[in-house]
Structures are given as structure tokens and as C-alpha cells.
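Chemist: Take any residue in the sequence shown, note its place counting from 1, add 226, and you have its number in the numbering used here.
Below are the C-alpha cells for one structure; questions will follow.
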Amino acid sequence: MKRSLLSLLLAFSMVGFAACGGGKDYLVVVDTSGSMQARDTLKRVKASMPKVLENIKNGDTVSLMHFDAEAKMGSTTKVEGDADRAKIKAEVDALKAEGAYTDMARMLMAVQEKVKSMKDAGKTAHVIVLSDGLDDPKLKRGKLDLGKYRDQQGGPINDAFIYYISLGEISNPALEAQLKELSPQTKTYLAGNRVADSKDPNAKKPGEQTTPEQALTNVGEDVQKNNWLSYVKQFAPYVIGLILLVLLILFIIWLVKRLQRGDALYGNVLYYPEGIQFPNRNTFTLNKIGMAALTIGSKQGNRLRIKDLGTTETFSFKGKKVGPNMCLRPLGKSARNIQFTSQRQQGLISPGDRFRIGEYSFVFNDEES
227 MKRSLLSLLL AFSMVGFAAC GGGKDYLVVV DTSGSMQARD TLKRVKASMP KVLENIKNGD
287 TVSLMHFDAE AKMGSTTKVE GDADRAKIKA EVDALKAEGA YTDMARMLMA VQEKVKSMKD
347 AGKTAHVIVL SDGLDDPKLK RGKLDLGKYR DQQGGPINDA FIYYISLGEI SNPALEAQLK
407 ELSPQTKTYL AGNRVADSKD PNAKKPGEQT TPEQALTNVG EDVQKNNWLS YVKQFAPYVI
467 GLILLVLLIL FIIWLVKRLQ RGDALYGNVL YYPEGIQFPN RNTFTLNKIG MAALTIGSKQ
527 GNRLRIKDLG TTETFSFKGK KVGPNMCLRP LGKSARNIQF TSQRQQGLIS PGDRFRIGEY
587 SFVFNDEES
């Protein structure tokens with residue numbers, strides 16, 4: 227039984243890990259605001275797309291989105307071969323940096339909505355945002371607080387992996403911090419044409435800068451590493467629940483067997499033929515059998531065998547400790563054919579109880595010999 231339950235657990239685990247092997251789901255978000263024309267930033271994004279597609283495997287799904295004053299969804303493609311990769315690259319190549327404004331809040335809401343739909347479909351989103359980080363909405367508002375768009379109930383954004391590739395000349399630590407707050411699985415890569423300036427508190431130290439191609443290579447490596455984290459989060463509750471269920475079943479089996487086995491017997495049973503005026507009482511010592519069960523019958527194999535018992539039935543008992551006393555509990559249908567002369571507790575044979583089976587009378591006591 228234990229082996230069968232462990233096999234069941236292994237089978238469920240294999241099913242879970244097989245499910246883990248499915249394709250990944252990407253959302254590539256490209257900034258198309260006018261500021262992306264500076265230093266050919268959008269052109270660099272397009273040039274780095276082969277690096278993105280290099281990490282896309284057959285079976286993965288890629289959704290495109292671009293934003294400036296508005297956020298617009300592009301195509302969603304399940305990649306089955308190079309033709310699909312070429313289609314995605316052509317769609318990105320066709321984008322133009324013509325947006326008059328950049329509204330990060332609109333982009334964030336659109337990403338949140340898309341990620342939620344992916345989650346509802348049972349998918350874990352890997353979001354790649356390529357932007358210069360400049361936020362200049364048409365309608366002026368206070369300081370952008372991306373945190374207020376975060377799902378406080380631990381919703382879709384928190385379940386996604388976000389990779390923000392910052393392509394601007396000036397870093398935006400506030401924006402980076404808010405994106406990090408938006409999702410615990412957020413990484414920022416600085417891939418703009420920044421020039422280190424010791425007077426600029428926002429300037430990055432040499433060595434912290436990277437190129438879009440390098441950043442996207444790192445993203446691909448991160449996606450592979452984070453797959454296990456995603457799968458553990460997704461399947462761990464089921465695996466833990468299954469393990470707990472198996473342990474509960476094993477405990478119940480052990481408990482049932484323990485109850486069936488009973489307590490180790492001690493004491494003795496006196497028995498003698500019924501109807502004899504001065505019977506010769508025989509003593510059967512329970513301590514000697516060293517078990518929690520006793521069988522009485524006329525057939526070979528019973529622990530207490532009485533050939534002239536007067537019945538062919540086998541009478542089974544198990545030990546049950548009740549307070550300081552050892553008792554016998556009759557088992558099975560044959561228990562109905564036990565005739566009691568005296569019985570202190572219903573369903574039990576207590577020390578001093580007298581009963582009859584077939585042509586013999588019995589007296590049980592629990593004195594250890």
C-alpha cells in the first residue's frame with residue numbers, strides 16, 4: 227500500500243514537471259515616443275531585436291505592444307519556426323518614433339491588463355520594456371507613482387517577471403524604483419548612451435553600463451533561471467498538498483493497523499468444560515504469545531486450540547488497555563455467539579468476566595505472570 231501511494235506521488239510530480247516544460251510567454255513593450263529618435267535609440271532597439279528572438283524558442287509566445295501618448299497592442303505570435311521570428315522582427319522594424327508625448331501610466335495600465343489576461347489563461351508573463359524612461363504626458367500631473375497601479379492583493383503584476391531596459395541618456399532612479407516596487411521579479415538594465423559625470427548624482431559608474439544587445443542576452447539568461455522559480459510558485463502548493471495528503475493517508479493506515487493490532491496482551495484465560503461438577507481448570511497464559519491478538523478455536527492454527535470446543539468457529543480477540551486494566555475486545559461476527567455469565571463493560575471482556583464458547587466456560591484476568 228505504501229509503495230502504491232509513493233508511486234502515485236511520483237506520477238503526480240512527473241505530470242507537474244511535464245507541465246513545466248511548456249513554452250514561455252513574452253510581452254515585448256517598445257517606447258515609440260519622439261524622444262526615442264534621439265541618438266537613434268529606436269534604431270538601436272530594432273537592431274537588438276535579433277537578440278530577443280535568439281532567446282525565443284519554438285513553442286514560446288510573443289506579444290508586442292508599443293506606447294507613447296497611448297499604449298497599443300500589436301500581434302501575438304506563437305513561434306513555430308524562423309518564419310514567425312521574421313514576422314515579429316518585421317513588425318518591430320515598422321515602428322516609428324513619432325509620438326508627441328510619453329505617458330508611462332497608460333503604458334503601465336495596458337501592461338497590467340495584458341498580464342492579467344495572460345495570468346487568467348494560466349500563463350506567467352515575461353515582460354521586456356524597452357524605453358528611454360522619459361515620462362512627459364500630454365496632461366500634466368504630479369509625480370508619477372507607479373506603485374498606486376500595483377495590485378495590492380498580489381495580483382497579475384506581482385506574478386510577472388519584468389525586465390526594464392533603460393535606453394535614455396539620463397537614468398531615472400525614481401522610475402526604476404517604482405517598477406521594482408511594482409513587481410518583486412523586476413530587473414533594470416542601463417543600456418543608454420550615458421556619459422559618466424561625477425557632478426551628476428544620477429550618473430552611473432563605469433562598468434555598470436551595458437548595450438541593448440548585452441542587456442537582452444542577460445534577460446534571456448534570467449528567463450531560463452527564473453523558470454524554476456515560476457514553476458515552483460505555480461506547482462509547489464499542489465505538490466505540498468499532495469505530499470501532505472499521502473502522509474495523512476499513511477498515518478491513517480498506520481492508525482487503523484495500530485487499532486486493529488491492539489495492545490500487547492498479558493494476563494491469562496482459565497477454561498474448563500461446561501457442566502462438569504468439579505472441573506479441571508486449564509490456564510492459558512497470554513504473556514507467552516507476545517502479541518496483541520488471541521484466537522480461540524478447535525482447528526489447527528488457533529493460539530488457544532481446544533479440540534472438543536463444540537464449535538468449528540474461530541473466535542478472535544485483540545488487547546485493549548482501559549485505564550490500568552488489560553481487556554479483550556471480541557472481533558467479527560463470531561463475537562455474537564459468545565455467551566456471557568458476567569460482563570462489566572459492553573463490548574469488552576474485562577478482568578473477572580466469565581463467558582462461554584461452545585461447550586467451554588472461560589474466565590479472563592489480567593494479572594501478569
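No residue lacks a Cβ here, since even glycine has one placed at the ideal position from N, Cα and C.
Between which two residues does the alpha helix (DSSP H) harbouring LYS315 extend?
Modeler: Counting along the chain, the alpha helix (DSSP H) containing LYS315 begins and ends at 308 to 319.
Chemist: How is PRO556 classed by DSSP in three states: helix, strand or coil?
Modeler: DSSP places PRO556 in strand when its eight states are reduced to three.
Chemist: Exposed or buried, which one is LEU279 when buried takes at least 16 other CB atoms within 10 Å?
Modeler: Counting Cβ neighbours within 10 Å, LEU279 comes out buried, since at least 16 surround it.
Chemist: Select from MET344, ARG270 and ILE354 the residue whose C-alpha is nearest the C-alpha of ASN281.
Modeler: Checked all of MET344, ARG270 and ILE354; the closest Cα to ASN281 is ILE354.
Chemist: Tell me which residues share the same chain as GLU539 and place their Cβ nearer than 7 Å to its Cβ, disregarding the 5 neighbours each side in the sequence.
Modeler: Only GLY523, SER560 and ASN563 meet the Cβ criterion.
Chemist: Reducing DSSP to helix, strand and coil, say where VAL589 ends up.
Modeler: Of the three classes helix, strand and coil, the one that applies to VAL589 here is strand, per DSSP.
Chemist: Which value, in whole angstroms, describes the spacing of the CA atoms of PRO438 and LEU468?
Modeler: Rounded to whole angstroms, PRO438 to LEU468 spans 44 Å at the Cα level.
Chemist: Tell whether a beta-carbon distance below 8 Å holds between THR509 and LEU496.
Modeler: Result yes, Cβ atoms of THR509 and LEU496 sit closer than 8 Å.
Chemist: Work out the CA separation of THR350 and MET344 for me, nearest whole Å.
Modeler: Roughly 7 Å between the two C-alpha positions.
Chemist: Specify, as a first and last residue, the run of the beta strand (DSSP E) that ARG580 falls within.
Modeler: Per DSSP, ARG580 belongs to the beta strand (DSSP E) from 580 to 583.
Chemist: Is the beta carbon of GLY394 closer than 8 Å to that of GLY359?
Modeler: Yes, the Cβ-Cβ distance between GLY359 and GLY394 is below 8 Å.
Chemist: In the structure shown, what three-state DSSP assignment does PRO577 receive?
Modeler: DSSP places PRO577 in coil when its eight states are reduced to three.
Chemist: Could you compute how far the alpha carbon of MET291 sits from the alpha carbon of MET335?
Modeler: Straight-line Cα distance between these residues: approximately 12 Å.
Chemist: For GLY545, which three-state DSSP category applies?
Modeler: Looking at GLY545 - three-state DSSP - the assignment turns out to be strand.
Chemist: My guess is that ALA441 and ALA417 are in contact by the Cβ rule of under 8 Å, so how many angstroms apart are they, rounded?
Modeler: Confirmed, about 4 Å.
Chemist: According to the Cβ coordinates, are THR412 and LYS322 closer than 8 Å?
Modeler: No; because the gap between Cβ atoms is not below 8 Å, this pair is not in contact.
Chemist: Using only alpha-carbon positions, find the residue among ASP362, VAL482, SER261 and GLY249 that is nearest to GLU306.
Modeler: It is GLY249 whose Cα lies nearest to the Cα of GLU306.
Chemist: Taking 8 Å as the threshold (C-beta atoms), are SER357 and ILE388 in contact?
Modeler: For ILE388 and SER357, no; Cβs fall outside 8 Å.
Chemist: Please report the straight-line C-alpha distance between SER261 and PHE461, rounded to a whole angstrom.
Modeler: Approximately 43 Å between the Cα atoms of the pair.
Chemist: Using only CA atoms, which one of VAL256, ASP346 and ASN284 lies nearest to MET330?
Modeler: Among VAL256, ASP346 and ASN284, the Cα nearest to that of MET330 belongs to VAL256.
Chemist: How long is the line joining the alpha carbons of LYS283 and PHE477, rounded to whole angstroms?
Modeler: Whole-angstrom Cα-Cα distance: 45 Å.
Chemist: Out of ILE583, THR267 and VAL288, point me to the one whose CA is closest to LYS313's CA.
Modeler: The shortest Cα separation from LYS313 among ILE583, THR267 and VAL288 belongs to VAL288.
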